[in-house]
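Chains as they are written, first to last, in the numbering used here: chain A, 1249 to 1774; chain B, 1249 to 1774; chain C, 224 to 686; chain D, 224 to 686.
All residues carry an ideal CB built from backbone N, CA and C; glycine is no exception.
Comments concern the structure below.
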Ligand SMILES: Cc1ncc(COP(=O)(O)O)c(C=O)c1O
Ligand SMILES: Cc1ncc(COP(=O)(O)O)c(C=O)c1O
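Okay, structure coming up:
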């Protein structure tokens, strides 16, 4: 049965494609716009008549000029040089929950019935989309046990930020705004759990894990006080370790008068198994572009679904979606709301996709997602740890992992001098997406965090493991091969971490043309 | 201005992708269908009750079983291993008129307003599509000077076949069906100009070209007789040479009582310049998937637009599209019609795309298409002949070429032993589509027929020429490199021309599993 | 001299570029380059076609306004089939066939188009499993042309000129068959009035040592499942005629593949396998045969063969090209041209997605729902289901004679209720009276069927 | 023990596979693998969500039936703008952003996602030309967040807490600004009643050495083109405040980029550049600054920098990461998360397609048509165009006070005529009375405008 795991003789598409500016041919046109009606030109005369003095653009923007087939070709070639989840065994980007984004859902969001909707249309004409938002909110309530949702945040980070805002508003509302200035989180949490409350003005306390992979109750108790505004928890964290005493954490914070926020971006292993509600938290957020299958889109657009308990519902961003028994409506009458964190109502396309995905799976399917994600991860872990040289598991004395795991290549590095940066470049030679090591700071040396979601078959996982077996073998037998990788990618090694001075920054072609070191000029810019 | 021609450091995407059967995992599902309502199952019982005895399939088809993401991934990878026109400088496939297929036109044909139309719907509900068919017929009449069109033929070959059918019917109608048994064409014409009349029962006479690139008037006269049913001409032929005495050819055939058919598949250099009408022919066909920009789609679907003079209109396939001043309708009342050559009305998507393409360009734009196609070809020819070693032009004493040209690599072969097959494999290493040598028989040794349509920029053409300059250079300096190519393609050299005995044919996986030579078995099949 | 003509589709419209190129050529004007075309062959003046709509925005507005005049099967409830079928098209089929690479590739060879060639080999392989056959060709224009070639093959193999086809064959298909096989004699075998099954006596009486082939459709054009395939095959083979079966591939998850009841050549319409109707755009022709030299060498179509090198790398290339008209011009087998490669790839994706179980569920959905419709309509006063003694798969014939209304009248009234009624057969088969061919697919819901029943009841019985 | 759960999205649902995997792990059940989750944290029973619609066909029918309840701007004539714009989206923008590779890639690095990274670098580069600026960051969530960060940057750079914004700023944007910059004081600068231009005296009176930034929108939310940018910039700079301009990128083919009248930070909404509205899905935030260390190091966003190796190969990678919260957690600049990469790529395609001339034509279309609409509506009895003394670009304010009707009433009546009237401003800016913000883009035709004029005349004057 099934395919034998074999190493793929891969080579990336390599088009050696210039920067779009280098393809410019002055005079060419990629698209034409309507000619302005002669009658209008007669009526108003020269365009200068319509523009205040000094405001007419003097120098046309130096955009490239290409004909249409050449523009298309350029971006198609670039697309082929990109290892999207659809194309690869995208297990390496742990914490990102790289799962299959069903193509049928793309048809929904690319339907003009969605794409051509203006957010300010009379709600008489947007009943369909409001219904989906409303129904999806009911689903999310069931999935999380929370009581109200907003889909306005434009990603997980913004969802967490919005939770920090609600936390602040809550304390202000109780007259404790000035007192509750501290937020607690864990050092292993996604950086946003520190950065978002900080952005909202809180002082942040980062707890270190013990040998259990999570902080001790004592450590928590030591920092909780009347200054505590709340705690931002992730469970499981990116390590895949589940904190079984999370309820105790929550109780301690609650007792101190703080609120508890759950970061559910790593939720994929918990559908139908565990919820925010049972953990007793007050708020949470889900990344619809991760566990709920909306595609990642080269880093967005995304949606952080923000869920809160009833007591906090009045603080959610404005507007929310209501239903009066006959019609769906947008509720702007929310005097206690934190306001707006994003224009209009958020990335509704992500909501539609997530809605369709939940519908396609139903209650049993969602639980199956979680169970298979856990099974896949545990199977892979077993093979990785037993068969791959030089790798080890973090917090080895806590053997259980849910849907992902953090490993370390420290031993391999010590034995061979090969680093995670080298391994990562080499992995690309086998047709893999580069892997995610860890967020900063690196608590674990030479970290590595793969996540084999439910979208991958056993055969996929086996192929993935074989590749790392092979790379480890290479590191031990021929380290130079790994260090000088990639050899079968779109380009060979460049030194892509050299900028430390903002003066050297070249993030535009025009800056590059001005600043790039003379020796690297291969031809004069356009 | 513009990019410097540089040799591209190309490598094809190489996924080393198994055959889909090798990816099968019994039990997996790619898609689910609705469960049959319980009520229906109750009503009818087992499926056996609905199927006559012996007709229920006993053994399920041994189709592969894959989950949805794995199916998608497989075909996406295969797509990346395909050098479509959108991706490459597709100048090599001469006679195929590889031009840009505008993306906006894809939106039209993928619109449910087209894709979800059943061909037998009441014409009250298909006025839009009928209007496009009708209006496009008017355009085609103007473009060609013919008087009536059918878009039913499913490609150029079928268009020519349909013309052979009309020819036959015409003579039968005049009582000369038994007498007019011979069709004349030229050996350089596309093989279909011999094969189609032959399929229609005609004896075919293939005229050889003289040193002019086309047959002599004398040769024609020598074969014309009262048995002549007609002549199938292409002008220009795939050589790019225009026959200036075509009218004389036509007159000679007409005088003998034959009909004249123009193959307009190579029309790209003639828009707005020369037409079937002025040449005096009675019928012609255009390939909408070539000069009219409908994409080639891995060899179809396609459309051969069949155009005829008024006298022959009654023979066109049934139905045609009419307009009564208010409504468009399908006219089935055509007693003299040849009947049907394809189901319903043909590949209407190609008609819509061609319609939109003609509209986008208008009368001046169409002429510009032709002029730029000619300019591009002549520019490229100049560079090829002056700068590339070992290449020469066929019929060198006739220097004019319109939109394409046939070259010969005979000298290169004599000098270096490198053949067109070698060059073609090597061209792929530079990111080019393989080129078209010539139809059979090869009148010109080591033939090569590129066609730089109006879709390519000067920079594209320059890059293309540089590649062949380089390959010729390689042939002279390092012939083994060329002979052992490809080196940067998806696979290396395979011997892909070994089957001569039908017993060795393996066109299905199941045949391969039974027949493939033992020594090549790398693993056992699924 | 040379002027600017700036259009997004034509990069070299720029005067400066043109001048540069002309200079390199050594010509003054572009007209000089086509001076070989004599005056008398030139067009006078400008083409008489509409002026350009060169902005994409206006073009889109213009074309979509026209297309919006259509009303589609996605908007109304459709019961039309009759050779083009309103099946569900999985999202991934469209995803793959809209990929730029596949959409715009053409006839490229082993290396440049390896992916396409593999997909085409997979098409043949998957179709081979569905048909249970080893030899499957690149698909041809449509089911009709597949049948045409099947018949011609039988002629070339047997040297005979008679074909026998069922009298219930669609007139459209028949027109194609007559046109393409103009030199052959056609005999119609009668069908049983109650069952639509081939009348075996009639077949025996018509078959002879002049018979090149016996053709059946299964399911037949009128929808019933042929249950005598094996007997018919035997009769054909007794006379050394070729037995050709025109099959609906959407039935093959639940119905026996024709090879197993004796077919020599199997052909049919590809469109049901994941391809949109597109007003007929989606047609394609399946064609497959037994793995015997005589059959193989008589295909006019491409074969995508698999090759392997020492490294185990696989290539795919057209094989036995010497058969074809591309190689042999008028000495080749029939003729060959651009066919429906994109639909072959689409069907490959479809079959890969559905697998054996999906094909079964598909067939199951169709046969249950269609039979339900047959029963529901059969219960409407004034309607009669023809061929009651046979099982049907997705189509069946409804007779309206008792209602005293014509199919035209009824269909107009259904249209008002946003229903596309079945195909009018009254001109095609006058002997069936006022009859219509109704089609039910997996897309049709139980509610759709019940609504149709009610609508017909209303129309006919003024309910 | 383990059961089959067969769903197309979950390949390992097969019992046999699960068993094999469990065996390798050494566990009996999957539940064993999450025994680390204590009972009290588990959900009791099944999730209370709708049962699965696991067939794609039924899912499609279900979802599309709901979506079909919407009526769109493609069906009705739209005059809504106010922060989300109904511009034409070229076909190629959608073609590229629907490519599987781009759609489903994420944060991959230099080698695995070279194409994505190059496209993102090109986004910055193209936007740089449009803005005439060297430093352009990866875009943020939406124009509002871009403005938020711009304001925060000004605070970090100056250490000050006052911001000055025009009183005509949209209430939506203002809600975002207040929420995010909660710790800052906000002062509104008045605008001239006749022109909508910033009242410079008022600005001078409010600015101080506590001012972190002066913000203007150009064109303003109410549509008029700010003509005092240079003076305002000078006033800001005199007080060492940062001058922030929120710009509409669709205007920059014809209007001067803000850097040229003194802006330090330029931000704005990305959506006009080739991205569908999608009920607000299409939003994105442009953010760019002067090429100075203090600005650069205060961006919270990613920068895509270009690298070159000895062979001349180019890679693209995120640079100066130490600034960000990814590297520094709470010590980083603001916070960073998943933003709108796909829209960045789409905007890159859009700008590559349009080029300088396309951007000019776009602006030309908008300004002429919008001014025509302003004139047509100005001639309807009972309507008044506000801010007559300024030029407007694509939006303008219509006041209905003389008509004695509310905007709500009028818009309902327009809706009956299949027109989406302008955005009701009556609650947002009560001081404008019954006013609405009308938007005209290149998609609006002269006929659309005239039809709107007639409809309003009918509604107001009972014509
Ligand atoms: C645990 C966790 N929290 C928060 C985030 C931030 O979400 P986003 O990237 O959508 O801003 C992520 C995403 O990587 C995450 O993994
Ligand atoms: C001159 C000529 N005639 C006829 C044809 C046949 O057209 P098709 O491939 O569409 O069958 C072609 C296509 O290659 C051609 O170039």
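Check                                                                                                                                   : Outcome
Alpha carbon of residue 1637 of chain A to alpha carbon of residue 1309 of chain A, nearest angstrom                                    : 55 Å
Contacts that residue 389 of chain D makes with chain A (C-beta to C-beta distance below 9 Å)                                           : Going along chain A, no residue has its Cβ under 9 Å from residue 389 of chain D, so there is no contact; the nearest lies around 16 Å.
Residue 1511 of chain B Cβ short of 7 Å to ligand 2 heavy atom set                                                                      : yes
Residue environment, residue 232 of chain D, which counts as buried when at least 16 other CB atoms sit within 10 Å                     : buried
Min CB distance residue 1756 of chain B to chain C below 8 Å                                                                            : yes
Proximal residues of chain D, C-beta to C-beta of residue 1324 of chain B below 7 Å                                                     : 323
Assigned exposure category for residue 492 of chain D - 16 Cβ within 10 Å defines buried                                                : buried
Residue 631 of chain D: first and last residue of the uninterrupted alpha helix (DSSP H) it sits in                                     : 630 to 639
Selection of the region 270 to 287 of chain C by Cβ proximity to chain B, strictly under 8 Å                                            : 270, 271, 272, 273, 274, 275, 276, 277, 279, 282, 283, 285, 286, 287
Given 8 Å, three or more beta-carbon pairs between the region 1383 to 1395 of chain B and the region 1541 to 1558 of chain B            : yes
Cα-Cα separation between residue 613 of chain D and residue 370 of chain D, rounded to whole angstroms                                  : 24 Å
Cβ neighbour criterion (16 or more within 10 Å) applied to residue 295 of chain D                                                       : buried
Spatially closest choice to residue 1762 of chain A from D:476, D:372, D:348, by CA coordinates                                         : D:348
Closer than 9 Å at the beta carbon, the chain D residues around residue 1531 of chain A                                                 : The premise fails here: residue 1531 of chain A is roughly 16 Å from chain D at the closest Cβ pair, so nothing lies under 9 Å.
Neighbourhood of residue 228 of chain D by C-beta distance below 6 Å, restricted to the same chain and skipping five residues each side : 236
Any C-beta of chain D under 8 Å from that of residue 1214 of chain A                                                                    : In this structure chain A extends from 1249 to 1774, so residue 1214 of chain A is not present and cannot be described.
Environment of residue 518 of chain C [buried if 16+ CB atoms lie within 10 Å]                                                          : buried
Residues that DSSP places opposite residue 1451 of chain B in a beta bridge                                                             : B:1430
Residue 1277 of chain A: contacting residues in chain C (beta-carbon distance under 8 Å)                                                : 229, 230, 231
Residue 332 of chain D beta carbon near ligand 1 (any heavy atom closer than 7 Å)                                                       : no
Bridge-paired residues (DSSP) for residue 1579 of chain A                                                                               : A:1568
First through last residue of the beta strand (DSSP E) which encompasses residue 1508 of chain A                                        : 1507 to 1511
Stretch-stretch touch, CB-based, cutoff 8 Å, three pairs: the region 1503 to 1521 of chain B with the region 1479 to 1488 of chain B    : yes
Beta bridge counterpart(s) of residue 1322 of chain A as assigned by DSSP                                                               : Paired residue(s): none; residue 1322 of chain A is not in a bridge.
Inter-stretch contact (C-beta, 8 Å, three-pair minimum) for the region 1667 to 1679 of chain A and the region 1730 to 1737 of chain A   : yes
Bridge partners - residue 1256 of chain A, DSSP secondary structure assignment                                                          : DSSP, once it has assigned bridges, lists no residue as partnering residue 1256 of chain A.
Within chain A, the residues that residue 1291 of chain B reaches when beta carbons sit closer than 7 Å                                 : Those within 7 Å of residue 1291 of chain B in chain A number zero; the least Cβ separation is about 26 Å.
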